[in-house]
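2 protein chains.
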Amino acid sequence: MPAKPAESKRKEKAALILAAADELFGEQGYDAVSVRDVAQGAGVNKALVFYYFGSKEELFGQVLTRYYDAHRKALQDALEAPGDLDERFRRLVDAYFDFMASNIRFARLVQQQIVGAGPHLGLIQDNLCELERWTEHALAGIAPKDGPLAARHMFVTISGAVINYFTYAPALGPVWDEDHLSEEAMAERREHLHWLVRVLVQGIRDA
Amino acid sequence: MPAKPAESKRKEKAALILAAADELFGEQGYDAVSVRDVAQGAGVNKALVFYYFGSKEELFGQVLTRYYDAHRKALQDALEAPGDLDERFRRLVDAYFDFMASNIRFARLVQQQIVGAGPHLGLIQDNLCELERWTEHALAGIAPKDGPLAARHMFVTISGAVINYFTYAPALGPVWDEDHLSEEAMAERREHLHWLVRVLVQGIRDA
DNA sequence: GCAGGCTTTAACCGAGCGGTCAAACCGATC
DNA sequence: GATCGGTTTGACCGCTCGGTTAAAGCCTGC
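In the order they appear, the protein sequences are chains A and B.
The first sequence begins at 246 in our numbering and counts up by one.
The second sequence begins at 246 in our numbering and counts up by one.
Right, here's the structure in full:
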């Protein structure tokens, strides 16, 4: 790629800001990070953040939106591939886990918003509901429509099993002793999730 | 109770402040609530908050400590009662769920701290590790020491299934349509948890 | 009724926040 | 090399934050 087209040059600083915002918001939380922090992290003037993004809230919205687009795409791909019900459900959970594993800050961002009633709760709500509908779809035919074995209960249980592994990590350190995020630890958690899904599906069928 | 002993009178305003802090921190998050908000909520002067609690951070610490003491006691009682392993484990999960159900703000407070690296992460850490050790103890004899079926994996999965029901509530509204916190909905979730524990224990035994 | 010690208050402080703005800068185009 | 529009900047604004302080209020024992 020779001379950069003007378009991409314009976006360079904006991308820098977005990256810094992603890192800081994800690690310290929306409230705990100031626009000055973001600007310093990106190595630009504070006013430039407002020039490109308008407000702190909108900047945060763009960070979230970027994640959600990638998130939706990753899960959609997993659902669309062929296979029987068990296979597809297992792949959905896998894709969910993989996405969180390679976007750990995202998991923290989501929980921050949900639990703190952040400015973009609506975005999170939409996505969570979509995910729930996918679970419902994936479990259609074996899970009852209502009652304690309904798909929505499975969704809360399974998504908790996936997400909490990442969000609880800093607090579980002493008990886990090895690194949560090492290759081996992640592989083991993935195995646990596969086992969980198998046991849950079997449990539903037996009921 | 006739004339109040001087001691209890002294604590009256302090209790008022603590109650307001509990409610506001639990619902809006530590950062989002100012000491002015707490004072107004309690109907006292802002300076009084500092007179009794020294700082915002210490006030928050006392809110958390009160919860943790009650929390530990509730779970300890459940563990100490007699019964075989399955019975005791089920009762531990039940006690955990019940405590969260009657202290919904607590669940939110914990996740806020964990995910936002709040000032009292240490307190949360200690308690979470204790809870994990209890799980390990309760599952001793049937769960393997290591690998994807180890007690610590069960702990993350089960505690996620309990806690996320409460913390995700505001975001799942549209999909759940009935009230998460109604008598019937709670009873149904409890049934789901019982079923989950049964299925997990069975799954471990079959493995 | 007044002296002395908790309790409660209004007023204040410095710092940091999100956000604005006018001026400087800079790379094209003529 | 003048001009012009899109960047980038430093200085600034009003506001709210956590926290302090000096004085007023108030109860109690004498």
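Cβ atoms here follow ideal geometry from the backbone N, Cα and C, with glycine treated the same way.
Point to revise | Per-residue contacts from B/D276 into chain A (C-beta, under 9 Å) | key: G274, Y275, D276, A277 and G361
**Study point:** Contact set between B/A406 and chain A, taken where Cβ atoms lie within less than 8 Å
**Key:** V401, T402, G405 and A406
Check your understanding: What's the C-alpha gap between A/G367 and B/W421?
Key -> 16 Å
**Study point:** For B/R336 and A/L426, the rounded distance between their alpha carbons
**Key:** 32 Å
Exercise for review: Could you name the residues of the stretch 345 to 377 of chain B whose beta carbon sits closer than 8 Å to any beta carbon of chain A, in the order they occur along the chain?
Suggested key: R353, Q356, Q357, I359, V360, G361, A362, L366, I369, Q370, L373, C374 and E377
Check your understanding: Where do the ends of the alpha helix (DSSP H) carrying A/K291 lie?
Key -> K291 to F298
Review point. Taking C-alpha atoms, which residue in B/V289, B/A266 and B/G288 lies nearest to B/S279?
Key: B/A266
Check your understanding: Any idea if B/T380 is buried or exposed, counting beta-carbon neighbours within 10 angstroms, 16 or more meaning buried?
Key -> buried
Practice item. Note down, in chain order, every chain A residue with its Cβ under 8 Å from the Cβ of B/H398. Key: E433, R434 and H437
Point to revise | Between the CA atoms of A/D451 and A/L354 - distance to the nearest angstrom | key: 38 Å
Practice item. Assign B/Q321 to one of two classes, buried (16 or more other C-beta atoms within 10 Å of its C-beta) or exposed (fewer than that). Key: exposed
Check your understanding: Are the Cβ atoms of B/N409 and A/V401 separated by less than 8 Å?
Key -> yes
Exercise for review: Tell me, please, whether the CB atom of A/P389 is closer than 8 Å to any CB atom in chain B?
Suggested key: no
Exercise for review: Entirely within the stretch 386 to 437 of chain A and at least 4 residues each: give me those alpha helix (DSSP H) ranges in chain order.
Suggested key: 396 to 412 and 414 to 421
Review point. Hey, how far is the Cα of A/I349 from the Cα of A/G271?
Key: 8 Å
Exercise for review: At 7 Å on the CB atoms, spell out the chain B contacts of A/V420, in chain order.
Suggested key: C374, E377 and R397
Check your understanding: Which value, in whole angstroms, describes the spacing of the CA atoms of A/A414 and B/A395?
Key -> 16 Å
Review point. CA-CA distance, B/R378 and A/K258?
Key: 48 Å
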